[in-house]
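Input: a single structure, listed below in structure tokens.
Chains as they are written, first to last, in our numbering: chain A, 8 to 285; chain B, 8 to 285; chain C, 8 to 285; chain D, 8 to 285.
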């Protein structure tokens, strides 16, 4: 699939400020970036950095007093891998690749230790594999209400489990937490999301089942094979799209993604989808 | 039913200490105290106080350096009120007696505000009444594991809901929390509990349904009509059996209760039980 | 001092709703109510209840669909007791009146157990008495920023201690928490507050020192002898001015209080102030 | 300095279990490993993995029913870099190497967002640089009590800040949290610690000041230049020395480290110490 996507962010700075951005499409072999443009007006230096462990691409901007417009545009081509979910089993901890083991640990927003007993009670007896993670997503979709503005940057999986409300990042954190509690490595993915309404940055998660990372979206708001990855990490603490040092006010942002290859409107896939470089 | 009950507490004091005790049977018209003895050895003054709002009986002891043995014994007669659960409905907030309204508020250990959405999803559609509170107790019994030493004095209903483990006080806190979230007044009750194994102080809760307070025990560890009340309050913060000021070490305590009127071993009642003075 | 005070609350109800109000001046011997009027338009029944343990006055209103205006007005005369702070000592737990002991326990918003070590380190060596509680208030005033909208109904003393920001109710909760941690009984007081800018309901606290309850306001926003009490309790969970059951939207409310006896603008008192019935 | 160090861990396994160990000395150019031995008896396969982002070395052992003894021994030589603290300034976020930026984010145990206001009030006006981080360590040493067994695996910096008690890992988490809140990158370090009494694994932290990572130990329990690194990461969630899957019981473990080159007992250094490969 081919996509045209981008975002426009406008900030009103008082004094001066340093901004760390993570909005560019992750570079890896699962995606081919035909073209991309990153502009800041008025023009400033925008240093680049790619994290060694995750491939997340960061920009650092030092902004003077006044209004600044940041615009990113890209044309990308992406081929999702589709598999039969029934054929994807789980890998016991004793056989997992050692580099995925850190994704079994609890993290800032994912207290998999505290939720272990519940996860075992609710999902422990299910057949291990892709279908078990799908069952976790069904549970989250059914038992947690998607409520805009119901959470903030301090909200954890424990909070979401208690209040039964949240937004996409909270849904992803809860999915990650249950997976880790069951011994399934899981990580957070931020992305541009085709068909998401209204358009916005989107948060989903990946679980390591079978022999690779598969995508899951407990909100059911976007097509899995239309997720163009920006960042990945343990949880949202690793993948904020913007971090500020100094005083600035954001204006409403715009995010867009359109499919640019010929296609009929397809129904959402029921297959397992993987779009990962590892 | 007639019971012979009591407890023996031994403390090793360093320096001097003040001890506030709440282990005596609550005086109210639901129970008749045939005899009771409260002794401290070596002998010290033991001031008495009965809380105006709850009827809880407190003792204050000022203890010098050394070992102190506190012993309480009582013979009581108690008549539980048995009703048909199916005949006990709920009272809407608009018609509740105004004096029970404070038992709808969240308290130290019972975050009924945070758990409101879950309570409504899980129990909101059930027929209001005694049977709905019984369903809450069944849920707690089935979904939370009774695990000795799994909680401490800071553990709240939110924690128990998350970790799915706890002891009797945690079970009671969770029951109270769900009730309040649904608009059912609920309060904490500490007691001597006939048939509890091993013998100990026991925590249960009361919900205000129909026209009075009914007892509930989500642990299913004791007979409801064998609960001889010590204290009642919003939650465990109101009903600690011992509070210390100063340095002392407790030795293992003994608690006992025996039925003293002739009786066959009866199966646990399936009726609604109320033993309250209000 | 004589005051004319009141409030006007407007609610837009959808469907129907039950409202529990606690906005009327507490009746006790420390205040004389010359006149008061409570009106609801359109007219509905407004049941009254006075809590046995606190003297808090509640109203229950059952409101139909539509807009409802609630207005309370009172003329009161109040005589504060002024004492020399230096003459007010603390009472050891071993000698406190037994009925104030529950105000040593932790409560919903006041985790005095968790903050005990800090309280002892920071205030433990100060001379016991009114001046120690004044020092606690100075500490809160200096170390916590008063930031409008920085907290919500879930915010606890532990949160305020961590984030170092809050509003009047958070300041009061933190003061109560430190006092209890030091063995000084403390309780929450909601009030009309003369000279508070902008006019609003105000939250302060009382500590039991010497032989009575003295008022403290760590925000320093109002005159202590101009606090006309509405409610008192363990913390804000006991003294909400309005609790809703059903769906309603509040419109902006008005609260007012004016001094009506002849007086010069007096500087804030440096004396200890008590206006309590106990 | 040359050290002979090691540990012996004994586990009693029921059924079978998978164990992930992180007890071997980190391989990097700051340390030279003259020899090392890793043995398990009875013999099992011990797969090795070195994390790409941190250099942490993991072993995975699959253990059958019964008792297993794991022993690690190493002879290492390490040269610490000593600098004049007064010459080490801070680097503004606008100039930090981009790869250290993730160490400014909050993590599982380090809520630097919630403690930002306190950090700024207490340390914000101090001269930036190594001395400011040293002042943070002094503050922790003075204001938090080192109390064995006072925390567990769920304890966060917010908890430690509130309760003012903890062990080495809690001290490190609090130091990391304050640094990040001030814009100073900070990370967790687990180590063998020369002179630590009683011998055990030890947790300290590193802050990025000047042009490199410097070591800090708010517990003041070990010599900075005698810290032989095992693991590093955002916080303790990244550097557990043992993670279990399955049922096993640990027996008391032994940890040792001795200095093997000729040396007089030296007083603790007052210089800034860096022993890092980055």
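We put the CB at the ideal spot given by N, CA and C, even for glycine.
Every value quoted in this text rests on a predicted model; they were computed, and no experiment measured them.
> Using a beta-carbon distance below 8 Å, is residue 105(C) in contact with chain B?
Replying inline: yes
(request) Go through its chain and collect everything with a Cβ distance to residue 199(A)'s Cβ below 6 Å, but skip five positions before and after it. (result) 12, 235, 264
Neighbour list for residue 165(D) in chain C, Cβ cutoff strictly below 9 Å: 165, 166, 169
Open item on the list: Contact defined as beta carbons within less than 8 Å: I believe residue 215(C) pairs with residue 191(C). What is the distance between those atoms, to the nearest angstrom?
Closed with: 7 Å
Point to revise | Beta-carbon proximity list for residue 278(B), same chain, < 6 Å, skipping 5 on both sides | key: 89
Practice prompt. Establish whether the CB of residue 25(D) and some CB of chain A are separated by less than 8 Å.
Written response: yes
Contact set between residue 252(C) and chain B, taken where Cβ atoms lie within less than 9 Å | 99, 100, 101, 111, 190
Open item on the list: My parser needs the beta strand (DSSP E) runs of 3 or more residues fully inside the stretch 153-239 of chain B; what are they?
Closed with: 193-200, 208-216, 219-223
Query raised in the report: Straight-line CA distance for residue 280(B) to residue 229(B)?
Result: 13 Å
task = Compute the distance between the beta-carbons of residue 112(C) and residue 240(C), then report whether it is under 8 Å.
result = no
Inset, instruction - Using beta-carbon positions only, say whether residue 160(A) and residue 120(D) come within less than 8 Å of one another. - result: yes
For residue 29(D), does the count of other Cβ atoms within 10 angstroms reach 16, so buried, or fall short, so exposed? buried
contact_flag[the stretch 95-102 of chain A, the stretch 40-49 of chain A] where n(CB pairs < 8 Å) is 3 or more: no
Alpha helix (DSSP H) segment containing residue 117(D), residue limits: No alpha helix (DSSP H) contains residue 117(D), which DSSP labels as neither H nor E.
Quiz item: Just to confirm, are residue 115(C) and residue 114(B) a CB contact at a threshold of 8 Å?
Solution: yes
| message | Among the candidates 145(D), 189(D), 188(D), whose CA atom is the shortest distance from the CA of residue 178(D)? | response | 145(D)
Problem - Beta-bridge partners of residue 15(C), as assigned by DSSP - result: 78(C), 261(C)
Handout entry: CB-CB length for residue 197(C) against residue 173(C), believed under 8 Å
Key = The pair is not a contact, with the Cβ atoms about 16 Å apart (cut-off 8 Å).
Which residue from 65(D), 57(D), 41(D) puts its Cα closest to that of residue 247(D)? 65(D)
Check each candidate in 156(C), 187(C), 77(C), 150(C) and name the one with the smallest Cα separation from residue 171(C).
150(C)
Distance CB(residue 181(B))-CB(residue 168(B)) smaller than 8 Å | yes
Practice item. Under 8 Å Cβ to Cβ from residue 163(B), same chain only, skipping five residues before and after it: list those, please. Key: 115, 116, 117, 118, 180
_Cutoff 6 Å; reference residue 129(D); Cβ partners in own chain excluding five residues on either side_ = none
Query raised in the report: If the cut is a Cβ gap below 7 Å, which residues of chain A does residue 60(D) touch?
Result: 59, 60
| request: To the nearest angstrom, report how far apart residue 132(D) and residue 139(D) are at their CA atoms. | output: 9 Å
*residue 121(C) touches chain B at which residues, Cβ-Cβ below 9 Å?*
161
Query raised in the report: According to the neighbour-count rule (16 or more other Cβ atoms, all chains shown, within 10 Å of its Cβ), is residue 165(A) buried or exposed?
Result: buried
Practice prompt. Please name the residue in 19(B), 227(B), 141(B), 103(B) whose C-alpha comes closest to that of residue 218(B).
Written response: 103(B)
Spell out whether any CB of chain B is found under 8 Å from the CB atom of residue 245(C). yes
Next item on the list: Could you confirm whether any beta carbon from chain A is found closer than 8 Å to the beta carbon of residue 65(B)?
Entry: no
- Query: Once you ignore the five residues that flank residue 15(C) on each side, which residues in its own chain have a CB closer than 6 Å to its CB?
  - Reply: 78, 261
**Residues bridged to residue 43(C) [DSSP beta-bridge criterion]** = 81(C)
On the CB-based measure, 16 or more other CB atoms within 10 Å of its CB, does residue 41(D) come out buried or exposed?
exposed
message = Given this structure, state the Cα-to-Cα distance separating residue 127(D) from residue 176(D), to the nearest angstrom.
response = 23 Å
So, does the CB of residue 172(C) fall closer than 8 Å to a CB anywhere in chain D?
yes
>> For residue 148(D) and residue 109(A), I'd like the C-alpha separation in whole angstroms.
In response: 31 Å
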